[in-house]
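Read the sequence shown against this note's numbering and you will find it ends at 346, with the numbers running on by one and no gaps.
Input: a single structure, listed below in structure tokens.
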Amino acid sequence: MKGFHQPRRVWLTALAALAMIGWSNMAGAQDGEKLAAQLCSSCHGVHGKSEAPMFPRLDAQMPQYLEAQLKGFRTRGRGETDAQAFMWGIASQLDDATIASLAEYYARQTAPAGPAGDPALMARGKEIFEHGLPAEGVPACASCHGAHAQGNATFPRLAGQHDAYLLRQITVFKNGTRANAPVMSAVAHTLSDDQAKAVAAFLQAQ
Numbered sequence: 141m142k143g144f145h146q147p148r149r150v151w152l153t154a155l156a157a158l159a160m161i162g163w164s165n166m167a168g169a170q171d172g173e174k175l176a177a178q179l180c181s182s183c184h185g186v187h188g189k190s191e192a193p194m195f196p197r198l199d200a201q202m203p204q205y206l207e208a209q210l211k212g213f214r215t216r217g218r219g220e221t222d223a224q225a226f227m228w229g230i231a232s233q234l235d236d237a238t239i240a241s242l243a244e245y246y247a248r249q250t251a252p253a254g255p256a257g258d259p260a261l262m263a264r265g266k267e268i269f270e271h272g273l274p275a276e277g278v279p280a281c282a283s284c285h286g287a288h289a290q291g292n293a294t295f296p297r298l299a300g301q302h303d304a305y306l307l308r309q310i311t312v313f314k315n316g317t318r319a320n321a322p323v324m325s326a327v328a329h330t331l332s333d334d335q336a337k338a339v340a341a342f343l344q345a346q
């Protein structure tokens, strides 16, 4: 029951914040910093620098990607369990202008590197990220996410992201519960568990 109550508490906290702002004031809201502090910081941290591995870091994320994900939560097109528990209710109250304001705010934040892990594991992950494993059909992550994992338009920034969160996304792409990114769904199936762990360890430290 503990796992059930935690998402419920977080969701209710966010809904309470929405009530404090006023439902009618959400339409066309432009103050991304204020909205982020009131709606998002309890899970994603101050300025998007989440310290909880289950919640992704949003700092310096691609604005196009953030907008696409928030709209996907709003329409329920992104439907993995965590999305349903944490994001569907909140996103349903956000109009396009509010989403754009939040995305722009997070995109202009600075993003320090995350903690480093095992050097050998990170070196293996770096090789896969930069060059892939052609003999095994694994493409280079950098070809979509950028040479420094900085992201590219609708392809998200991965640098500094929690390794646990990255591994969770690989899992939901593989099992089909996150089905809003066909390219990534295909790529996820090429990675073994050990390969995914190596890439995630490398990315977290960037």
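From the three backbone atoms N, C-alpha and C, an ideal C-beta is built for every residue, glycine too.
Check whether A251 and G300 have beta carbons under 8 Å apart = Within the sequence shown, residue 251 is the residue found at index 111, counting from 1. Within the sequence shown, residue 300 is the residue found at index 160, counting from 1. Yes, the Cβ-Cβ distance between A251 and G300 is below 8 Å.
message = So, with DSSP's three-state summary, where would you put L273?
response = Position 133 of the sequence shown, counted from the first residue, corresponds to residue 273. DSSP places L273 in strand when its eight states are reduced to three.
query = In this structure, what does DSSP give as the bridge partners for F195?
reply = Locating residue 195 in the sequence shown gives position 55, counting from the first residue. DSSP lists no bridge partner for F195.
request  = Drop a sphere of 10 angstroms on the beta-carbon of K142, count the other beta-carbons inside from all chains shown, and report buried for 16 or more, exposed for fewer.
outcome  = In the sequence shown, the residue the question calls residue 142 occupies position 2. With a pLDDT of only 39 at K142, under 50, the local geometry of the prediction cannot be trusted, and no value is derived from it.
Alpha helix (DSSP H) runs contained entirely in the stretch 217-252, provided each spans 4 or more residues = 228-231, 236-247
ask   = Using DSSP with H/G/I as helix, E/B as strand and the rest coil, what is N315?
value = Position 175 of the sequence shown, counted from the first residue, corresponds to residue 315. Residue state, collapsed to three classes: helix.
query = With distances taken between CB atoms, is the gap from G188 to D171 smaller than 8 Å?
reply = On the sequence shown, residue 188 is found 48 positions in, with the first residue counted as 1. On the sequence shown, residue 171 is found 31 positions in, with the first residue counted as 1. For G188 and D171, no; Cβs fall outside 8 Å.
query = Just how far apart, CA to CA, sit G217 and H302?
reply = As a working note, residue 217 is residue 77 in the sequence shown. As a working note, residue 302 is residue 162 in the sequence shown. Cα to Cα, the separation comes out at about 24 Å.
message = For A167 and E207, what's the separation of their Cα atoms in angstroms?
response = Here residue 167 corresponds to residue number 27 of the sequence shown, with the count starting at 1. Here residue 207 corresponds to residue number 67 of the sequence shown, with the count starting at 1. Low per-residue confidence applies at A167: pLDDT is 40, beneath 50, and the placement is therefore not dependable, though the value from the model is reported in the following sentence. For the pair A167 and E207, the Cα-to-Cα distance works out to about 15 Å.
task = From the DSSP output, read off the bridge partner residues of F295.
result = Position 155 of the sequence shown, counting from 1, holds the residue named residue 295. DSSP output for F295 lists N292 as bridge partner(s).
key: Same chain, Cβ closer than 7 Å to I239, five either side skipped, listed in chain order   = Counting from 1 along the sequence shown, the entry for residue 239 is found at position 99. Within the same chain, I239 has close Cβ partners E207, L210, K211.
query = By Cβ distance, which residues of its chain are closer than 8 Å to A338, with the 5 residues on each side in sequence left out?
reply = Start at 1 with the first residue of the sequence shown, and residue 338 comes out as number 198. The residues are L261, M262, R264, G265, I268.
ask   = Can you give the Cα-Cα distance for K174 and A256, rounded to whole angstroms?
value = Numbered from its first residue, the sequence shown carries residue 174 at position 34. Numbered from its first residue, the sequence shown carries residue 256 at position 116. K174 and A256: Cα-Cα distance of roughly 32 Å.
Own chain, CB closer than 8 Å to M202, minus 5 neighbours either side, in chain order = If you number the sequence shown from 1, residue 202 lands on position 62. Counting only Cβ-Cβ distances below 8 Å, and skipping sequence neighbours, we find A247, G291, N292, A293, T294, F295, P296, R297.
task = Could you tell me if G334 is buried or exposed, where buried requires 16 or more neighbouring beta carbons within 10 angstroms of its beta carbon?
result = The count along the sequence shown starts at 1 and reaches residue 334 at position 194. Just to set this straight, residue 334 is Asp in the shown sequence, not Gly. It counts as exposed.
message = Given this structure, state the Cα-to-Cα distance separating V278 from A231, to the nearest angstrom.
response = Position 138 of the sequence shown, counting from 1, holds the residue named residue 278. Position 91 of the sequence shown, counting from 1, holds the residue named residue 231. Looking at the two C-alpha atoms, the distance is approximately 34 Å.
request  = Would you kindly check if the distance between the Cβ of H288 and the Cβ of T346 is under 8 Å?
outcome  = Locating residue 346 in the sequence shown gives position 206, counting from the first residue. Locating residue 288 in the sequence shown gives position 148, counting from the first residue. In the sequence under discussion, the amino acid at residue 346 is Gln, which differs from the Thr named in the question. Yes, the pair counts as a contact, with Cβ atoms nearer than the cut-off.
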